[in-house]
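Undergrad: Got a structure here, written out as structure tokens. Questions coming.
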Amino acid sequence: MSQLITTGFHHVTLVCRDARQTMRFYRDILGLTMVKVTVNFDRTDTYHLYFGNEAGAPGSLLTFFEWPAAMRGRYGVGGIHHVALGTRDDDTLLMWKRWLTDNGVRVTGPYDRGYFTSIYFTDPDGQVIEIATDGPGFQIDEPINALGRDLMVPPPSRFPEGRDEEAIRAKTWLEPIAAPVEAMRLHGIHHITGMTDDLDAAHDFYTRALGLNLVKMSLNQDDPDTKHYFWANYDGKTVRYGSDFTLFGWRPSSPKAREGVGQTHHVAWRANDEDELNVWREHLLGLGYNVTEVRDRKYFKSIYLRTHDGLLIEIATDPPGFRVDETELGAAVQLPPWLEEQRDEILAGLRPLV
Ligand SMILES: [Fe+2]
Ligand SMILES: [Fe+2]
């Protein structure tokens with residue numbers, strides 16, 4: 005069998021404190037579709053919300069566990085620093101800045117990162133979210149058929165000391181935005197960035213275990229003493245959209261991430277179907293990882309493992325998808341068959357979303 009390569013992100017799961025507040029932010033402000041409303045299968049008095057594009061396609065999905073009484077999480081080694089969502093270009097990025105700012109969200113940027121331009125903000129629980137332009141891409145400083153070969157040092161103008169922060173702060177869309185327009189629609193997960201204290205071990209995991217390739221070795225443009233590596237599904241011709249995972253390389257023994265509200269819980273990668281998921285499982289067991297049995301998540305089947313530094317990774321199948329129990333996505337609270345008998349009781353225990 006040829007080498008297993010994941011096509012990219014399936015979903016990312018984060019932790020929120022209040023499902024209503026999360027819905028207002030991701031649906032009403034960021035304009036995502038509420039793809040599914042269900043409960044945490046292991047704790048049925050709390051919601052599990054799924055947001056994504058209109059089709060609920062893998063690679064567009066952000067899911068949230070509601071943990072009302074949990075402590076705030078903290079990013080660090082083995083955790084995720086931010087989740088980036090894609091937008092068309094510099095114009096739509098500035099439109100997002102204006103719209104978010106006018107809705108009371110504090111935005112930083114736009115920062116020219118070379119490969120894309122980005123703005124940053126936090127969601128109501130403190131999770132850092134980025135919106136990044138689709139282009140220009142990783143081939144601006146290396147040939148497309150030879151990405152990730154050498155360390156690319158960004159020009160001084162992209163580091164904190166060389167930036168004109170005042171000009172960056174002042175940059176925004178001149179007209180108020182009445183509501184997010186079609187051109188602003190977010191394109192799914194552009195990249196996800198975490199932290200490790202062992203880039204070599206991470207390289208081994210993302211290349212040997214997930215089949216990705218290094219597409220850029222650079223420096224963290226907000227912290228030039230730190231390396232910043234990017235991996236993606238890359239065949240020497242194309243970097244597949246929705247597959248770019250990046251890591252800041254922190255010093256050994258740096259603080260570990262702490263699970264909790266406002267932190268990413270896990271990152272899920274795509275498998276084509278259940279047969280391939282079983283092959284993934286054997287492959288990962290063969291590399292010495294401790295992999296769970298296949299679990300039925302109703303909308304996909306999944307396996308789980310942890311990386312060397314503790315990040316929880318899931319591999320999830322594309323099928324059957326979110327239309328298995330409703331044609332209008334997100335229309336009603338959906339429960340798995342084994343909880344249906346307790347539906348009335350479960351619904352009575354949930355705080356209404358609207
Ligand atoms: Fe980023
Ligand atoms: Fe998941």
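Numbering (my numbering), first residue to last: 5 to 358. Backbone N, C-alpha and C fix where the C-beta goes; we use that ideal spot for every residue, glycine too.
1) Ligand 1 and SER258: does the residue's C-beta get closer than 7 Å to at least one heavy atom of that ligand?
2) Rounded to a whole number of angstroms, what is the C-alpha to C-alpha distance between HIS269 and SER306?
3) When DSSP labels each residue in this structure, what does LYS231 get in the three-state scheme?
4) Can HIS232 be considered in contact with ligand 1, in the sense that its beta carbon sits closer than 7 Å to one or more heavy atoms?
5) Can you tell which of ASP22, GLY90, TYR119 has the C-alpha that lies nearest to the C-alpha of LEU75?
6) Which residues have their C-beta within less than 5 Å of a heavy atom of ligand 2, listed in chain order?
7) If you count every other CB in all the chains shown that lies within 10 Å of the CB of ASN149, and 16 or more means buried, which is it?
8) Using DSSP with H/G/I as helix, E/B as strand and the rest coil, what is MET99?
9) Is the beta carbon of THR10 less than 8 Å from the beta carbon of LEU214?
10) Please state if the CB of GLY60 and the CB of LEU316 are separated by a distance shorter than 8 Å.
11) Fully enclosed by the segment 280–324, which beta strand (DSSP E) runs are 3 residues long or longer?
12) Run through DSSP, which three-state label would GLU134 get?
13) Based on Cα-Cα distance, which residue from ASP227, TRP103, MET199 lies nearest to PRO180?
14) Helix or strand or just coil, what does DSSP make of TYR79?
15) Would you mind sorting ASP204 into buried or exposed? The rule is 16 or more other CB atoms within 10 Å of its CB.
16) Run the CB neighbour count on SER64, radius 10 Å, all protein chains shown included, and call it buried at 16 or more, exposed below.
17) DSSP state of TYR115, grouped into three classes?
18) Assign GLY90 to one of three DSSP states: helix, strand, or coil.
19) Tell me whether THR197, by its Cβ, gets closer than 7 Å to a heavy atom of ligand 1.
20) Count the C-beta pairs between the segment 290–301 and the segment 228–241 that are closer than 8 Å, then say yes if the count reaches three, no if not.
21) So what's PRO184 in DSSP terms, helix, strand or just coil?
22) Can you confirm whether GLY166, when its beta carbon is compared against all beta carbons of chain C, has any partner nearer than 8 Å?
23) Contact defined as beta carbons within less than 8 Å: I believe GLY266 pairs with GLY12. What is the distance between those atoms, to the nearest angstrom?
24) For ARG274, count neighbouring C-beta atoms within 10 Å of its own C-beta (all shown protein chains included) and say buried if the count is 16 or more, exposed if not.
25) Any heavy atom of ligand 1 within a distance shorter than 7 Å of the CB on SER222?
26) Compare the beta carbon distance of GLY253 and THR230 with 8 Å and say whether it is the shorter of the two.
27) For LEU351, collect the residues of the same chain with a Cβ closer than 7 Å to its Cβ; drop the 5 residues on either side in sequence, then sort them by chain order.
28) If I follow the unbroken beta strand (DSSP E) through LEU251, where does it start and stop?
TA: According to the structure data:
1) Here the question's residue 258 lines up with position 254 in the sequence shown. Checking every heavy atom of ligand 1 against the Cβ of SER258, none is found closer than 7 Å.
2) As a working mapping, residue 269 is identified with position 265 in the sequence shown. As a working mapping, residue 306 is identified with position 302 in the sequence shown. Distance between the alpha carbons of HIS269 and SER306 is about 15 Å.
3) Within the sequence shown, residue 231 is the residue found at index 227, counting from 1. LYS231: strand per DSSP, three-state reduction.
4) Within the sequence shown, numbered from 1, the residue matching residue 232 stands at position 228. Incorrect: HIS232 has no Cβ contact closer than 7 Å to ligand 1.
5) Along the sequence shown, read from residue 1 onward, the residue named residue 75 stands at position 71. Before going further, note that residue 75 is Met rather than Leu in the sequence given. Residue ASP22 is the option with its Cα nearest to MET75.
6) Any residue whose Cβ sits closer than 5 Å to a heavy atom of ligand 2 makes the list: THR17, ALA272, GLU318.
7) The residue you call residue 149 lines up with position 145 of the sequence shown. Under this definition ASN149 is an exposed residue.
8) Taking the sequence shown and counting its residues from 1, one reaches residue 99 at position 95. DSSP places MET99 in helix when its eight states are reduced to three.
9) Numbered from its first residue, the sequence shown carries residue 10 at position 6. Numbered from its first residue, the sequence shown carries residue 214 at position 210. Yes, the pair counts as a contact, with Cβ atoms nearer than the cut-off.
10) Stepping through the sequence shown from its first residue, residue 316 is reached at position 312. Stepping through the sequence shown from its first residue, residue 60 is reached at position 56. For LEU316 and GLY60, no; Cβs fall outside 8 Å.
11) As summarised for the segment 280–324, the continuous beta strand (DSSP E) elements at least 3 residues long and confined to that stretch are 305–310, 316–321, given in chain order.
12) The residue given as residue 134 occupies position 130 in the sequence shown. Strand at GLU134.
13) Taking the sequence shown and counting its residues from 1, one reaches residue 180 at position 176. Considering only alpha carbons, the answer is TRP103.
14) The sequence position of residue 79 within the sequence shown is 75, counting from 1. Here TYR79 sits in coil by DSSP.
15) By 1-based counting over the sequence shown, the position of residue 204 is 200. Its Cβ having fewer than 16 others within 10 Å, ASP204 is exposed.
16) Stepping through the sequence shown from its first residue, residue 64 is reached at position 60. With 16 or more other Cβ atoms from the protein chains shown falling within 10 Å of its own Cβ, SER64 counts as buried.
17) Residue 115 sits at position 111 when you count from the first residue of the sequence shown. Here TYR115 sits in strand by DSSP.
18) Within the sequence shown, numbered from 1, the residue matching residue 90 stands at position 86. It is a strand residue.
19) For the purposes of this step, residue 197 is identified with residue 193 of the sequence shown, where counting begins at 1. Answer for THR197: yes, Cβ within range of ligand 1.
20) no
21) The sequence position of residue 184 within the sequence shown is 180, counting from 1. Three-state result, PRO184: coil.
22) In the displayed structure, chain C is absent; only one protein chain is listed.
23) Taking the first residue of the sequence shown as position 1, residue 266 is located at position 262. Taking the first residue of the sequence shown as position 1, residue 12 is located at position 8. Not really, about 25 Å apart at Cβ, beyond 8 Å.
24) Counting from one through the sequence shown, the residue named residue 274 turns up at place 270. That one is buried.
25) Within the sequence shown, numbered from 1, the residue matching residue 222 stands at position 218. For SER222, the distance from the CB to the nearest heavy atom of ligand 1 is not below 7 Å.
26) Start at 1 with the first residue of the sequence shown, and residue 253 comes out as number 249. Start at 1 with the first residue of the sequence shown, and residue 230 comes out as number 226. Yes, Cβ-Cβ distance for GLY253 and THR230 is below 8 Å.
27) The count along the sequence shown starts at 1 and reaches residue 351 at position 347. The answer, listed in chain order, is VAL337.
28) Taking the sequence shown and counting its residues from 1, one reaches residue 251 at position 247. Start and end: 248–253.
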